[in-house]
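Colleague: Quick one: the structure is below, questions incoming.
Protein chains: 2
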Amino acid sequence: MEILIVHHAGQLLTLAGGPQRGQALGDLGLIEQGAVVIQGAQILAVGRSTDLLKAYPQAERFDAHGKIVMPGFVDPHTHLVWAGDRADEFTLRLEGKTYMEILAMGGGILSTVRATRAASIEELVSQTRPRAREAFRHGTTTMEVKTGYGLTLESEIKQLQAILALNREGPMELVPTFLGAHAVPPEYQGRTEAYVDLLCKEMLPGIHDWWYHEVPDQRLPFVDVFCERGAFDLAQSRRILEAAQGLGFPLKIHADEFENLGGAALAAELGAASADHLVKTSPDDIRALASSQTVAVSLPGTPFGLNEAEYTPAQAILQAGGTLALATDINPGTSWCESMQFILALACRKMRLTPAQAIAAATINAAAALQRQDTLGSIEPGKQADLLILDVNHYQHLGYRFGTNLVSHVIKQGRIYPVN
Amino acid sequence: MEILIVHHAGQLLTLAGGPQRGQALGDLGLIEQGAVVIQGAQILAVGRSTDLLKAYPQAERFDAHGKIVMPGFVDPHTHLVWAGDRADEFTLRLEGKTYMEILAMGGGILSTVRATRAASIEELVSQTRPRAREAFRHGTTTMEVKTGYGLTLESEIKQLQAILALNREGPMELVPTFLGAHAVPPEYQGRTEAYVDLLCKEMLPGIHDWWYHEVPDQRLPFVDVFCERGAFDLAQSRRILEAAQGLGFPLKIHADEFENLGGAALAAELGAASADHLVKTSPDDIRALASSQTVAVSLPGTPFGLNEAEYTPAQAILQAGGTLALATDINPGTSWCESMQFILALACRKMRLTPAQAIAAATINAAAALQRQDTLGSIEPGKQADLLILDVNHYQHLGYRFGTNLVSHVIKQGRIYPVN
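Which chain is which? The protein sequence lines are W and B, in order. In case it helps, the working numbering puts the first sequence at residues 558 to 977. In case it helps, the working numbering puts the second sequence at residues 558 to 977.
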């Protein structure tokens, strides 16, 4: 198989050594004048340029010109697949309309549900493709994608089909999550328990069977619940997640975005891969998370998008020894942002992460939030060859600069894509 | 001369009718299914696609495919020309160091002055070129650029030379400003009055003579002063600006970024083109600005970059009848952001501008802040053909979405550049 050496990396950020807990966050495993040897889609060797150029004299060479080479970003929380948009609603909010008024006008999440239900798989794919491309151009090489704008078995499967279709297209790699418990659908308004029954008794088993019939060779999707007032309370969230766990699904949870209902501790108790949002998380729940394997995923694009002042208490999570990751939460209502780079810039300012901490939270720790830390998120022999080249001289420019794209090349599974 | 027709604009935002004062801000002059006819570098006709395609059957056609066509952004406040960077300082601040501690370590603006003084014109040009390119790719077709990292006649002229050289290269059009009064240089520490003497008696006349010798056919640069505690007080600012005005320079001022010293009212009194920053501006000064021709330029990237809570009181400026513009303030210390699109997204959230208001503030009103409203900032017959094509279906996506680049093509002086 063809061997490629990416050499002359002024700073090679390996992120080697696995997910980074608590105050250990920010170990970049930096090699100056580094190189990465790639065979096919995998990393074969990592080290200093001079050594590796000698060891692999026949390899095809790609000169990083003294720039930064780092792992591709992993975006572990997105709602990438939707139809339509909610730009009007954004302007209405600026003009002073409240969320409840907009909801009463037919806006909010249910307007996206309407549009997504009405769309064909092909329409969903063609509307989502430019967003996946944009994220890839900004350095995201793997991204989680949730369903949750269908809220019927059939339309949720349609979203999964769109995710699988886009994943087959590549180069972006998509990791699916079933979020049938995103909201109570219009036909179940006032009957949340009945919808939870439907989820547990029909939709989850239905998704499970469909998946094993459709893509038996692929890991089951995550199952996620929006545990929040107005969506699903703690008891309902537990029912849904336990039903999912009984079927073998790995778990995630949306917790504490607007209120603390105890979702983070539930995630820790059930061994969920991650608990996400975590704005109103209590000190007890932070401790529960920190003493578990559950990754705390912060989504700073959402308070920014909504112009709210409060962000994830990242410093408290680190002090407690938690594993912190970052994600875009890209969605049409609160945070239409494909760029993990911008999320890093926000995290540095709003949660006082250093650029090194933000980078680790967006790579190896984000891979852990998807239970993919064995194959993704760092530059180590045997791992998938997902790399970025940043057109800057120091990694600190991630965070320091904002609003633009510092990535010049994305390498996905060993293949080089110039993107900027 | 070759005639080009940009047709099939789903929304053509003309911004016709001149700068927009007060609550009138936000009139986009929107034409659905619009077209623009361009002859050479100038706009020849504006109207509906069907009419103009008939009227100019021989014109070369460029299909906007139902997307948005609008004037290029004008960025009326930048410090684009500098050497080095201050990424280290960003991390030090996140780790808890204060600005004064960083200054004592040799950081802050004076580290940029050191690097800029040490750089050749060629180095300044080559370090600045990627920033100009990035701004252009994000839709800025004209940008003001200040000196102010030299602080000697010779090194300030070197910055002007870099600006002129980049302007000759194109396609970005640069409008120069002399900001010798950006800071008190190290060799004048504790002797601000002596530096003001130097500015008034030697540097301003020196710049004036050099300019008329070097580029007699070009308009004089603006002269700007940083009127702030620790820089130049109100009396010193007045001395400098009056000396500049006596030599025929048009004026600008940095006012009220951290404290209110009265700079905005001074700008209004002297008929400055703009007063910029305006975070701590008093109600009296807002009224003084509003009753003058001076444009109020808000720079929301700076509080965002510094993670400060307070932004320009834009609503009060509009209520008073002021002319509001937006700019990036791109600089290596507080706001390294080339993208006017991101500034619009910030302005919507932090200052409650609607997307339409933000667009007007970043085009026709920004052109007024550079006294270029007769040739730039709108799509009207006779104006320069500086246009953007945005790859979205509704202009509201500017503001609604953040962190990425929605521009697909920039048309500068009639020439089409695909950028994304």
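By construction, the Cβ of each residue, glycine as well, lies at the ideal position given by its N, Cα and C atoms. Small disclaimer: the values here were computed from a predicted structure and weren't measured.
Anything in chain W within Cβ reach of Pro912 (chain B), meaning under 7 angstroms, just list it in chain order.
Modeller: Per Cβ cutoff of 7 angstroms: Thr648.
Colleague: I'd like the ranges of any beta strand (DSSP E) spanning at least 3 consecutive residues and lying wholly in the segment 668 to 745 of chain B.
Modeller: Runs found: 697 to 703 and 730 to 738.
Colleague: Please classify Gly696 (chain W) as buried or exposed, where buried requires at least 16 other C-beta atoms within 10 Å of its C-beta.
Modeller: By the neighbour-count rule (16 or more Cβ atoms within 10 Å), Gly696 (chain W) is buried.
Colleague: From Arg786 (chain B) to Lys969 (chain B), what does the alpha carbon distance come to, in whole angstroms?
Modeller: Taking the straight line joining both Cα atoms gives about 40 angstroms.
Colleague: Pull the bridge partners of Gly591 (chain W) from the DSSP assignment, please.
Modeller: Note: Gly591 (chain W) sits in a beta bridge opposite W:Ala566 and W:Arg605.
Colleague: Glu799 (chain B) versus chain W: which residues are under 8 angstroms apart at the beta carbon?
Modeller: Within chain W, no residue comes near Glu799 (chain B); the closest Cβ sits about 37 angstroms away, beyond 8 angstroms.
Colleague: In whole angstroms, give me the CA-to-CA distance for Ile560 (chain W) and Glu589 (chain W).
Modeller: If you take the alpha carbons of Ile560 (chain W) and Glu589 (chain W), they lie about 22 angstroms apart.
Colleague: Answer yes or no: does any C-beta atom of chain B fall closer than 8 angstroms to that of Asp645 (chain W)?
Modeller: Yes, because at least one Cβ of chain B sits closer than 8 angstroms to the Cβ of Asp645 (chain W).
Colleague: Looking at Arg578 (chain W) and Ala592 (chain W), is the spacing between their C-beta atoms short of 8 angstroms?
Modeller: Cβ distance not < 8 angstroms, so Ala592 (chain W) and Arg578 (chain W) don't count as in contact.
Colleague: Given a threshold of 16 other Cβ atoms within 10 Å of its Cβ, counted over all protein chains shown, does Tyr952 (chain W) qualify as buried or as exposed?
Modeller: The residue is buried, with at least 16 neighbouring Cβ atoms inside 10 Å.
Colleague: In the segment 892 to 904 of chain W, which residues sit with their C-beta less than 7 angstroms from some C-beta in chain B, listed in chain order?
Modeller: So the list reads Trp893, Cys894, Glu895, Ser896 and Phe899, given in the order they occur along the chain.
Colleague: Along the chain, where does the alpha helix (DSSP H) containing Glu997 (chain W) start, and where does it finish?
Modeller: Past the boundaries of the shown model lies residue 997 (chain W); chain W is included only from 558 to 977, so the question cannot be answered.
Colleague: Ordered along the chain, which non-local residues of its own chain (more than five positions away) have a Cβ less than 6 angstroms from that of His739 (chain W)?
Modeller: These residues qualify, in order along the chain: Gly705 and Phe783.
Colleague: Measure the C-alpha to C-alpha separation of Gly971 (chain B) and Asp943 (chain B) and round it to an integer number of angstroms.
Modeller: Those two C-alpha atoms are separated by around 7 angstroms.
Colleague: Mind listing the chain B neighbours of Arg906 (chain W)? Cutoff is C-beta to C-beta under 7 angstroms, in chain order.
Modeller: Those within 7 angstroms of Arg906 (chain W) in chain B are Asn864.
Colleague: Between Thr749 (chain W) and chain B, is there a C-beta pair that is closer than 8 angstroms?
Modeller: Judged by the 8 angstroms Cβ criterion, Thr749 (chain W) is not in contact with chain B.
Colleague: Flag this pair as touching only if the segment 838 to 856 of chain W and the segment 869 to 878 of chain W have three or more C-beta atom pairs under 8 angstroms; answer yes or no.
Modeller: Yes: the two stretches touch, three or more of their Cβ pairs being nearer than 8 angstroms.
Colleague: Take Ala573 (chain B) and list the residues in its own chain whose beta-carbon comes closer than 6 angstroms to its own, dropping the five residues that flank it on each side.
Modeller: Once the five neighbours on either side are set aside, the close Cβ partners of Ala573 (chain B) are Gly586, Ser935 and Glu937.
Colleague: Just to confirm the assignment: which complete alpha helix (DSSP H) runs, minimum length 4, are found wholly within the segment 764 to 833 of chain B?
Modeller: The segment 764 to 833 of chain B contains these whole alpha helix (DSSP H) runs: 791 to 803 and 820 to 827.
Colleague: Can you list, in chain order, the residues of the segment 689 to 701 of chain B whose Cβ is nearer than 8 angstroms to any Cβ on chain W?
Modeller: Answer set for the segment 689 to 701 of chain B: Glu691 and His695.
Colleague: Let me confirm a value: Tyr974 (chain B) is counted as buried when at least 16 other C-beta atoms fall within 10 Å, else exposed. Which label applies?
Modeller: Answer is exposed; the Cβ neighbour count stays below 16.
Colleague: Name the chain B residues whose beta carbon is nearer than 8 angstroms to that of Thr859 (chain W)?
Modeller: None at all; the shortest Cβ gap to chain B is about 12 angstroms.
Colleague: Out of B:Gly737, B:Arg694, B:Met700 and B:Glu730, which one is the CA nearest neighbour of Thr709 (chain B)?
Modeller: Nearest option by C-alpha distance: B:Gly737.
Colleague: Of all the options B:Thr571, B:His564, B:Arg686 and B:Gly641, which has the alpha carbon lying nearest to the alpha carbon of Leu610 (chain B)?
Modeller: Comparing Cα-Cα distances from Leu610 (chain B) to each of B:Thr571, B:His564, B:Arg686 and B:Gly641, the minimum goes to B:His564.
Colleague: Scan the segment 608 to 661 of chain B and note each continuous beta strand (DSSP E) run of 3 residues or more that stays entirely inside, going in chain order.
Modeller: Those beta strand (DSSP E) runs which fall completely within the segment 608 to 661 of chain B and span 3+ residues are 617 to 620, 625 to 628 and 630 to 632.
Colleague: Around the Cβ of Gln675 (chain B), are there at least 16 other Cβ atoms within 10 angstroms (buried) or fewer (exposed)?
Modeller: Note that residue 675 (chain B) corresponds to Ala in the displayed sequence, not to Gln. So Ala675 (chain B) ends up on the exposed side.
Colleague: Would you call the segment 762 to 773 of chain B and the segment 809 to 819 of chain B touching, i.e. three or more CB-CB distances under 8 angstroms?
Modeller: The segment 762 to 773 of chain B, when compared against the segment 809 to 819 of chain B, does not touch it at the 8 angstroms Cβ threshold.
Colleague: Any idea which residues DSSP pairs Ala877 (chain B) with across the strands?
Modeller: Answer is none; Ala877 (chain B) lacks a bridge partner.
Colleague: Looking at Leu582 (chain B) and Ala917 (chain B), is the spacing between their C-beta atoms short of 8 angstroms?
Modeller: Their beta carbons are under 8 angstroms apart, which means Ala917 (chain B) touches Leu582 (chain B) by this criterion.
Colleague: With distances taken Cα to Cα, identify the nearest neighbour of Ala689 (chain W) among W:Leu637, W:Thr961, W:Gly879 and W:Leu910.
Modeller: Selected option, being the one with the closest Cα: W:Leu637.
Colleague: Using a Cβ-Cβ distance under 8 angstroms, would Phe806 (chain W) count as near chain B?
Modeller: It does not: the Cβ of Phe806 (chain W) has no partner Cβ on chain B nearer than 8 angstroms.
Colleague: Could you compute how far the alpha carbon of Pro614 (chain W) sits from the alpha carbon of Val967 (chain W)?
Modeller: Distance between the alpha carbons of Pro614 (chain W) and Val967 (chain W): 24 angstroms.
Colleague: Does Met558 (chain W) pass the burial test, meaning 16 or more other C-beta atoms within 10 Å, or should it be called exposed?
Modeller: When all chains shown are included, Met558 (chain W) counts as exposed.
Colleague: Taking 8 angstroms as the CB-CB cut-off, is Arg686 (chain W) touching chain B?
Modeller: No, because no Cβ of chain B sits closer than 8 angstroms to the Cβ of Arg686 (chain W).
Colleague: Quick check on this structure: which residue in W:Gly879, W:Asn962, W:Gly878 and W:Pro889 has the alpha carbon closest to the alpha carbon of Gly862 (chain W)?
Modeller: Closest by alpha carbon: W:Pro889.
Colleague: Please confirm if Gln580 (chain B) has its CB atom under 8 angstroms from at least one CB of chain W.
Modeller: Not closer than 8 angstroms to any Cβ of chain W, the Cβ of Gln580 (chain B) fails to qualify, so no.
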